[in-house]
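Participant: Structure in structure tokens, see below.
In our numbering, the protein residues as written are 1 to 208.
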């Protein structure tokens, strides 16, 4: 029974991964992606519902995405890897110390990570402290990232997830690097968290 269940889940994961990849690949090849003030080797901070902008980030191989070890996460991991991104399997919520170690290892190798600062379940557009901790420990800059797109649909989910239409124009706006000192008080952590949150809101206005 266990083997049959595993085979069923594997077929399900493969089927959904292939379907999702086909859909995203259409956007990947048809949309016009543009980058404003892009920088390498950093922690790219963006809202959970705006992840479409990652398709426009240069050097995908060097960009690592933290993806849950769940069954749904397996589908997402396969899709993102087929699109050329690198992945780190883990969850800051469930196995935070292990996931943190893996992310720090990536940054130490002068690669980049993308981090959804209000994920995995919100509240929407509210930066959590995790990204500040990663920047503090890695001594790598946080780069706020906000994409804009001229044609999209918005899903009725907690994060108002956005999906561009094929042949849309996607422009990524990058904020100024935010460097976090190694030593911080709790009050200072909150200051950096708010600073990042405000910068993301500012970029949203700039992106229109």
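Note that CB positions come from ideal geometry on N, CA and C, so glycine has one too.
Run through DSSP, which three-state label would residue 124 get?
Facilitator: To locate residue 124, count along the chain shown from 1; it is residue 124. In this structure, residue 124 counts as coil in the three-state DSSP scheme.
Participant: State the start and end residues of the unbroken alpha helix (DSSP H) segment that holds residue 192.
Facilitator: In the chain shown, the residue the question calls residue 192 occupies position 192. 186-207 is the span of the alpha helix (DSSP H), which, as asked, contains residue 192.
Participant: Which value, in whole angstroms, describes the spacing of the CA atoms of residue 198 and residue 122?
Facilitator: Along the chain shown, read from residue 1 onward, the residue named residue 198 stands at position 198. Along the chain shown, read from residue 1 onward, the residue named residue 122 stands at position 122. Distance between the alpha carbons of residue 198 and residue 122: 17 Å.
Participant: Within 10 angstroms of the Cβ of residue 117, are there 16 or more other Cβ atoms? Answer buried if so, exposed if not.
Facilitator: Here residue 117 is taken as the residue at index 117 of the chain shown, counted from 1. It is buried - the Cβ of residue 117 has at least 16 other Cβ atoms within 10 Å.
Participant: Roughly how many whole angstroms lie between the Cα atoms of residue 37 and residue 178?
Facilitator: Your numbering for residue 37 matches position 37 in the chain shown. Your numbering for residue 178 matches position 178 in the chain shown. Rounded to whole angstroms, residue 37 to residue 178 spans 14 Å at the Cα level.
Participant: Anyone know if the C-beta pair for residue 145 and residue 53 falls short of 9 Å?
Facilitator: For the purposes of this step, residue 145 is identified with residue 145 of the chain shown, where counting begins at 1. For the purposes of this step, residue 53 is identified with residue 53 of the chain shown, where counting begins at 1. Against a cut-off of 9 Å, the Cβ pair of residue 53 and residue 145 comes out as a contact.
Participant: Return the first residue and the last residue of the alpha helix (DSSP H) that residue 78 is part of.
Facilitator: Sequence index remark: in the chain shown, residue 78 carries index 78 (1-based). Taken as a continuous stretch (DSSP letters only), the alpha helix (DSSP H) holding residue 78 covers 71-82.
Participant: On the three-state DSSP scale, how would you describe residue 42?
Facilitator: If you number the chain shown from 1, residue 42 lands on position 42. Coil at residue 42, not helix or strand.
Participant: What is the DSSP secondary structure of residue 15, reduced to helix, strand or coil?
Facilitator: Here residue 15 refers to the residue found at position 15 of the chain shown. Residue 15 falls in the helix class under three-state DSSP.
Participant: Specify, as a first and last residue, the run of the alpha helix (DSSP H) that residue 88 falls within.
Facilitator: To locate residue 88, count along the chain shown from 1; it is residue 88. Note, residue 88: premise wrong, no alpha helix (DSSP H); beta strand (DSSP E) at 86-89.
Participant: What's the gap between the Cα of residue 30 and the Cα of residue 164?
Facilitator: For the purposes of this step, residue 30 is taken as the residue at position 30 of the chain shown. For the purposes of this step, residue 164 is taken as the residue at position 164 of the chain shown. Taking the straight line from one Cα to the other gives about 10 Å.
Participant: Pull the bridge partners of residue 62 from the DSSP assignment, please.
Facilitator: Numbered from 1 along the chain shown, position 62 holds the residue referred to as residue 62. According to DSSP, residue 62 bridges with nothing at all.
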